Amino acid sequence: MGTVCAYKFLVIDDADLREINNLHRKVNQATKHSDPILRLDAPWDCRNDLLDLFSVIYDPEQGIFKMWYLMATVSNDRYFWHGPRVMAYATSTDGLHWEKPVLGMFEDNGSSQNNYLIPQMGSFLATVIRDPSDVPARRYKMMFTIGTDWARGGETEWAGYHVPLCLAFSHDGIHWERPVHVNPVLRGLSDAGWTFFYDVDRRKYILLTRRVPNLPRDLSQYESYDLVNWEDKGRVLVPGDDHDPPELFNFQNMAPFRYEDFYLGMLNTQYTLAGAESYEVYNKPPADFPSKRLGQVDIQLAYSRDGQSWHRPIDRSPVVPNGEPGEPDGGHLFPGFTPVVVDGQTWIFYLALMDRHNEGDPLRAVAKDQGDLRNRSCYMLARMPEDHWVSLDAGREEGSFTTRTWGPPHEVFVNADAKGGSIQVELITPYGEQIKDFGRSECVPITTNGKKQEVRWKCGRHPWDFAADYRGGVLARFYLKNAKLYSYTFTLPDPDGDLEQDKLNARWCQVIKHKSDNWD
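Mapping the sequence shown onto the numbering used here, position 68 (from 1) lands on 77, and the numbers just tick up by one.
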């Protein structure tokens with residue numbers, strides 16, 4: 010029928026569903042790339058360097074991935090991350106193989122043959138975004154800190170404030186300017202990491218960070234239209250509800266991004282000794298201590314419909330789990346802000362460390378005995394197939410779900426794995442009447458795995474054929490057995506592209522009126 014307009018529905022929450030019967034909502038794991046994508050292996054990398062937090066973006070104009078990464082220098086007499094830091098730069102054409110260009114900008118250890126973007130300084134932390142809303146001269150933005158409670162000095166020490174956040178901008182992501190008339194833009198917010206991103210829909214800059222003081226560590230949200238004036242939106246996620254184990258006590262950070270109608274967040278969940286995190290750093294648990302995960306940090310899922318109210322699925326399975334002890338990601342994981350969506354598939358770049366978050370003493374021992382920490386950390390990649398974040402699962406006992414009223418549609422598609430099982434669909438009226446020729450018995454079962462499988466009925470017709478008889482919409486009821494369903498899609502004929510434009514306008518109206526906090 011020519012061009013159609015597609016409407017996709019993910020099953021992350023119940024917003025588009027009328028009822029669910031005998032199905033389990035499951036958070037799924039991303040597929041890890043087998044090998045690290047970046048290590049400290051350049052001639053100028055020092056033996057006591059550890060990779061730290063980093064940012065990755067995909068530049069559509071140049072067709073390359075860009076990475077800004079931090080390195081911390083660890084000595085045998087200081088705690089884990091308390092050494093000085095430097096920021097470096099790398100690029101990749103495929104996201105797997107990275108080049109570290111010699112920039113020659115700053116001298117370190119007597120040589121400028123390195124890829125450093127800043128001179129080495131104490132406790133420098135930063136996140137970088139590519140800002141599509143600003144002029145080319147300020148296309149790249151960096152939110153950074155210099156000086157924390159670990160490395161105080163000068164103004165910070167004298168004033169006694171905690172982690173001032175500052176702003177820098179760049180035309181190429183390499184040469185950075187720091188506007189002295191606005192810095193610092195925020196003070197006293199976080200004791201470590203944060204996420205800085207631009208919400209294209211709401212045309213706002215968003216900062217997700219840990220409020221200070223905080224125990225357990227939470228996630229708080231701050232919003233700004235201009236990067237200088239910030240509004241505190243309060244705590245948006247706090248760990249330790251009825252679905253968390255007792256030792257899941259801290260949120261380290263979260264990397265958010267837009268995906269279909271959702272904001273998704275890659276949430277850093279830390280397993281720690283509740284209320285005594287400092288104690289576990291210096292004292293190992295007894296052999297019979299029930300939790301075996303103290304000090305581990307994995308990556309779980311959070312989601313939002315509006316970018317302000319954040320939720321977590323009941324299933325707390327990690328999107329990116331820890332590896333086994335001794336593996337590169339056996340200790341703790343931090344996502345590179347933010348994930349990159351490539352052709353529907355989400356690339357989750359993450360910092361992986363062999364050591365756990367509470368193993369400061371063992372790391373110092375490694376620095377003292379071996380003198381080389383470079384292999385204790387690396388950057389890795391996990392990829393989530395299109396829409397696979399959350400599924401509705403059925404086992405040998407059949408389950409079903411019913412959509413809200415819609416359409417009638419022209420076509421129905423599913424992204425599902427029904428290999429070894431089946432999925433069938435029937436169409437009914439809001440009164441519960443089955444529509445002739447589109448009942449379950451007339452549906453050709455789907456029994457394969459794929460992301461765009463069309464639901465067909467034996468009559469060979471499309472539901473759109475009876476649209477005039479069922480104005481006001483119909484409901485679709487899906488029956489699953491030994492199957493996983495990730496998303497379903499309805500289409501409507503759109504030969505002139507009018508519906509696609511209406512959908513974009515409706516989205517714009519929703520964002521401007523309902524998410525701008527200003528109905529006037």
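By construction, the Cβ of each residue, glycine as well, lies at the ideal position given by its N, Cα and C atoms.
Remember, predicted model here, so these are calculated numbers, not experimental data.
By the CB criterion at 8 Å, residue 174 and residue 194 fall inside the cutoff. Within its own chain, the residues whose Cβ lies closer than 6 Å to the Cβ of residue 66, once the five positions on either side in sequence are excluded, are 75 and 139, listed in chain order. In this structure, the beta-carbon distance from residue 454 to residue 433 falls below 8 Å.
Just so you know, the alpha carbons of residue 93 and residue 133 end up roughly 7 Å apart. Distances from the CA of residue 495 to each of 260, 422 and 442 were compared; the closest alpha carbon is that of 422. CA-to-CA, the gap between residue 217 and residue 456 works out to about 42 Å. When C-alpha distances from residue 345 are compared across 208, 277 and 295, the shortest belongs to 277.
Taking the Cα positions, residue 304 is about 19 Å away from residue 81. In terms of CA proximity to residue 307, 38 leads the group 233, 60 and 38.
Membership of residue 232 in the beta strand (DSSP E) is indicated by the continuous run 228-233.
Secondary structure at residue 468: coil, using DSSP grouped into helix, strand and coil.
DSSP, reduced to helix, strand and coil, places residue 71 outside both helices and strands of the structure shown, so it counts as coil. Runs of the beta strand (DSSP E) lying entirely within the stretch 474-523, each at least 3 residues long, are 484-490 and 492-502 in chain order. Secondary structure note for residue 349: its beta strand (DSSP E) is the uninterrupted segment 349-351. If you check the CB distance, residue 357 and residue 275 come in under 8 Å. When the five nearest sequence neighbours on each side are left out, the beta carbons in the same chain lying within less than 6 Å of the beta carbon of residue 444 are those of 436, in order along the chain.
Considering only 21, 12 and 462, the residue with the shortest C-alpha distance to residue 273 is 21.
In the structure shown, the three-state DSSP call for residue 145 is helix.
Annotation: the continuous alpha helix (DSSP H) that includes residue 286 extends over 286-291. Of all C-beta pairs linking the stretch 29-45 to the stretch 380-393, three or more are shorter than 8 Å, placing the two stretches in contact. In the DSSP secondary-structure assignment, residue 309 is bridged to 276. Taking residue 111 as the centre and dropping the five residues before and after it, the same chain places the C-beta of 122, 123 and 124 closer than 8 Å to its C-beta, in chain order. For the pair of segments examined, the stretch 247-256 was found not to touch the stretch 331-342: the number of CB pairs separated by less than 8 Å stays below three.
For residue 481, the closest alpha carbon among the candidates 291, 473 and 427 is that of 473. Taking a 10 Å sphere around the C-beta of residue 452, we find 16 or more other C-beta atoms and assign the residue as buried. In this structure, DSSP gives residue 386 an extended state, which the three-state scheme calls strand. Distance between residue 52 and residue 249, taken at the CA atoms: about 44 Å. Between the stretch 19-35 and the stretch 401-411, the count of C-beta pairs closer than 8 Å reaches three or more; the two stretches touch. Residue 17: member of the beta strand (DSSP E) spanning 13-19, first to last residue. Linking residue 326 to residue 348 through their CA atoms gives a straight-line distance of about 19 Å.
Separation of residue 191 and residue 479 (C-alpha to C-alpha, rounded to the nearest whole angstrom) is 59 Å. Comparing C-alpha distances from residue 177 to each of 149, 202, 196 and 285 shows the shortest one belongs to 149.
Take residue 497, set aside five residues on each side of it, and the residues of its chain with a beta-carbon closer than 6 Å to its own are 18 and 423, in chain order.
The DSSP-derived three-state label of residue 449 is helix. Straight-line measurement puts the Cα of residue 206 at about 18 Å from the Cα of residue 185. 366 is the residue among 366, 266, 24 and 296 whose C-alpha sits nearest the C-alpha of residue 260.
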